[in-house]
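J.: Attaching a single structure in structure tokens format; questions to follow.
Chains as they are written, first to last, in this note's numbering: chain A, 6 to 292; chain B, 631 to 968.
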């Protein structure tokens, strides 16, 4: 009890140390908090209805319309903020699915080895043999052009990364002393894998999740940029950039630039966070 | 010995190709509803759907369908595109040079910037140069390709007006060069038509830069990491102790060794680049296979999309194969088994 307490404290101390030593990570957490607030409360505090068209079309940014208005007179600021929830939901959904699928596949391949390993690893290699974005396009085209299918497609192309991390972590602990002790104490294989081995893979997985989130956001936005998944008039960053692209050569830059910047901000947040989390969980960084 | 290794590596590619074909086959069968309805087109009636079903062999068991699918692929029958009315394979072949010209040029540009950047960062780790490199690289990978493209168009076409309008491979004032390789730059140079060469180069600058920015990050990161490893190894210490010139140590010994892992990461970079290619082609109305696939997607032209996915996957397998072969050629220590 006391040692556990001390351990917790030292871990908290370590997190605090890393955060103090690395203000960039602290900034990344603050940025994440801001995005979450936008996603949860955004729709209730934006000044305009994101779907309501107005008579002021293609107005540059002003005090009333911070990010200007688009070709239908909709407020770009409101649309960008409201889109946060949808974009986050798509990428979180996709990452959660690939986390679960990757964990199960990785555990099976790493723990039982043999045929399981051969079949699962070759299957994942087959996915990795495709340029991933292209495979996602193919999956969405085959399953049908809906938001759910964009989530599934993004999940499929991300699964191999998780499965590989888990497989490696499980594999090196398969014969470890604590695993044998757990087995001797009468735990079933499934229980040993799920409760004793898998938790060890969680720290590297968390880093993977954070690095992957940025990529998932980019992927989802890229798919909707080429017209897959989310459909207009739903506010979504990829679509808004695609719509704004038509006006960029005539100089109405705010239509595409603000959603694009917001998208970039989100991806940048997750990338920074991933680097920071790696510093926290990577033992080599501990001093 | 070398030849045997190369053949062994070629044989290793076979299961990958089979895997790719299996997945594209699964995608073909996963069409929502009845594939026959889609392939027959919108105007089809009950009888022609039944006819399509029989021609496609959809009434037969799956393994049989798979064999037929493979036979058609090998024969070069990749189906017909609904929107262009042409065989998909012919469409792809005609548009592929445009995509390849763009992608390869972008990767060359990316390597030309990223490798010196990585070397610079590695020679003084922890300095402002290192931090600058890290920030640039993280920002580059956070920028969505399609957004970078649009920003570049706004700045360099609308504001500064120093590049031609971002539409296609050649401004309409130029005449297309005679097709020898399909690469406008090479064709222009071969026929001595420098006017066209310059025109094509101007059109290429923005899309190639866009893609290069996106692929900078992995190359620069890997160069930095492997350069750091190389610089801290014994042979460099020996070279330093022997009093060799700094330049000779850096470029002659460290970089040559550090480049090997960089070549391996190029495989992953290609995966990114081929995906980004689709988005960049859409932004710049580039008549390559990416924009072909996007148009086909919007028109629900499934044969064309599947042909595109398969073509991209095969291209990717081939590029990985070339990378591995190049790797073996530049590093005599490497055998393919390891």
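Even glycine gets a Cβ: it sits at the ideal position worked out from N, Cα and C.
Nothing here was measured: the structure is a model prediction, and the numbers come from that model.
Give the straight-line distance between the Cα atoms of residue 768/B and residue 889/B, rounded to the nearest whole angstrom.
T.: Reading the second chain from its first residue, position 138 is the one you call residue 768/B. Reading the second chain from its first residue, position 259 is the one you call residue 889/B. In a straight line, the C-alpha of residue 768/B is about 21 Å away from that of residue 889/B.
J.: Do we get a CB-CB distance below 8 Å when we pair residue 841/B with the residues of chain A?
T.: Indexing the second chain from 1 puts residue 841/B at position 211. With its beta carbon at least 8 Å from every one in chain A, residue 841/B lies outside the interface.
J.: Would you identify the three-state DSSP class for residue 74/A, choosing helix, strand or coil?
T.: Position 69 of the first chain, counting from 1, holds the residue named residue 74/A. Three-state result, residue 74/A: strand.
J.: Strictly under 8 Å for the Cβ-Cβ distance: is residue 742/B near chain A by that measure?
T.: One-based indexing of the second chain puts residue 742/B at position 112. Residue 742/B does not count as touching chain A.
J.: Buried or exposed: which applies to residue 811/B, given that a residue is buried once 16 or more other Cβ atoms fall within 10 Å of its Cβ?
T.: Position 181 of the second chain, counted from the first residue, corresponds to residue 811/B. Exposed: under 16 other Cβ atoms inside 10 Å.
J.: CB residue 138/A to CB residue 908/B, shorter than 8 Å?
T.: Sequence index remark: in the first chain, residue 138/A carries index 133 (1-based). Sequence index remark: in the second chain, residue 908/B carries index 278 (1-based). A contact, by the Cβ cut-off of 8 Å.
J.: Within 8 Å (strictly less), CB to CB, does residue 130/A reach chain B?
T.: In the first chain, the residue the question calls residue 130/A occupies position 125. For residue 130/A, the answer is yes, since a Cβ of chain B falls inside 8 Å of its Cβ.
J.: Please state if the CB of residue 250/A and the CB of residue 780/B are separated by a distance shorter than 8 Å.
T.: Counting from one through the second chain, the residue named residue 780/B turns up at place 150. Counting from one through the first chain, the residue named residue 250/A turns up at place 245. Contact flag set, yes.
J.: Compare the C-beta of residue 810/B against all C-beta atoms of chain A and say whether one is closer than 8 Å.
T.: Within the second chain, numbered from 1, the residue matching residue 810/B stands at position 180. Output row for residue 810/B: interface = no.
J.: What's the C-alpha gap between residue 75/A and residue 219/A?
T.: As a position in the first chain, residue 75/A is number 70, starting the count at 1. As a position in the first chain, residue 219/A is number 214, starting the count at 1. Those two C-alpha atoms are separated by around 27 Å.
J.: Would you list, in chain order, the members of the stretch 129-150 of chain A that have their beta-carbon closer than 9 Å to a beta-carbon of chain B?
T.: 130, 131, 132, 133, 134, 135, 136, 137, 138, 139, 140, 141, 142, 143, 144, 145, 146, 147, 148, 149, 150
J.: Specify the secondary structure class of residue 801/B as computed by DSSP and reduced to three states.
T.: Translated into the one-based positions of the second chain, residue 801/B becomes position 171. Coil at residue 801/B, not helix or strand.
J.: So with CB distances below 8 Å, who are the chain A contacts of residue 942/B?
T.: Taking the first residue of the second chain as position 1, residue 942/B is located at position 312. Here the neighbours are 135, 136, 139.
J.: In chain order, what residues of the same chain have a beta carbon less than 8 Å from the beta carbon of residue 729/B, not counting five sequence neighbours either side?
T.: If you number the second chain from 1, residue 729/B lands on position 99. For residue 729/B, where only same-chain residues beyond five positions count, the Cβ hits under 8 Å are 907, 911, 916, 918, 919, 920.
J.: Who are the near neighbours of residue 115/A in its chain, counting only those whose CB is closer than 6 Å to its CB and skipping five residues on each side?
T.: Sequence index remark: in the first chain, residue 115/A carries index 110 (1-based). 172, 175, 176, listed in sequence order.
J.: What's the C-alpha gap between residue 95/A and residue 877/B?
T.: Taking the first chain and counting its residues from 1, the one referred to as residue 95/A is at position 90. Taking the second chain and counting its residues from 1, the one referred to as residue 877/B is at position 247. So the two alpha carbons sit approximately 50 Å from each other.
J.: Count the other CB atoms within 10 Å of the CB of residue 937/B; is the residue buried (16 or more) or exposed (fewer)?
T.: For the purposes of this step, residue 937/B is taken as residue 307 along the second chain, with counting starting at 1. With 16 or more Cβ atoms within 10 Å of its Cβ, residue 937/B is classed as buried.
J.: Check whether the stretch 152-171 of chain A touches the stretch 219-231 of chain A, counting contact only when three or more Cβ pairs, one atom from each stretch, lie closer than 8 Å.
T.: As far as the Cβ criterion goes, the stretch 152-171 of chain A touches the stretch 219-231 of chain A, which means the pair count is three or higher.
J.: What residues in the stretch 239-264 of chain A bring their beta carbon closer than 9 Å to a beta carbon of chain B?
T.: 242, 243, 246, 247, 249, 250, 253, 254, 255, 256, 258, 261, 262, 264
J.: With a threshold of 8 Å, are at least 3 pairs of Cβ atoms found where one atom belongs to the stretch 850-869 of chain B and the other to the stretch 735-755 of chain B?
T.: Result yes; three or more Cβ-Cβ pairs closer than 8 Å.
J.: Within the continuous alpha helix (DSSP H) that includes residue 238/A, where are the two ends?
T.: The residue you call residue 238/A lines up with position 233 of the first chain. First-last for residue 238/A: undefined, no H or E at that position.
J.: Grab the span of the alpha helix (DSSP H) containing residue 57/A for me, first residue to last.
T.: Here residue 57/A refers to the residue found at position 52 of the first chain. Per DSSP, residue 57/A belongs to no alpha helix (DSSP H) and is neither H nor E.
J.: Kindly indicate which residue of 714/B, 642/B, 880/B, 763/B has the alpha-carbon position closest to the one of residue 922/B.
T.: Start at 1 with the first residue of the second chain, and residue 922/B comes out as number 292. Of the listed residues, the one whose Cα sits closest to residue 922/B is 714/B.
J.: For a contact defined as C-beta to C-beta under 7 Å, what are the partners of residue 896/B on chain A?
T.: Taking the second chain and counting its residues from 1, the one referred to as residue 896/B is at position 266. Those do not exist, as residue 896/B stays about 13 Å from chain A at its closest Cβ, beyond 7 Å.
J.: Going by DSSP, what residues sit across from residue 710/B in a beta bridge?
T.: In the second chain, residue 710/B corresponds to position 80, counting from 1. Note: residue 710/B sits in a beta bridge opposite 717/B.
J.: From the DSSP output, in three-state form, read off residue 280/A for me.
T.: Here residue 280/A refers to the residue found at position 275 of the first chain. In this structure, residue 280/A counts as helix in the three-state DSSP scheme.
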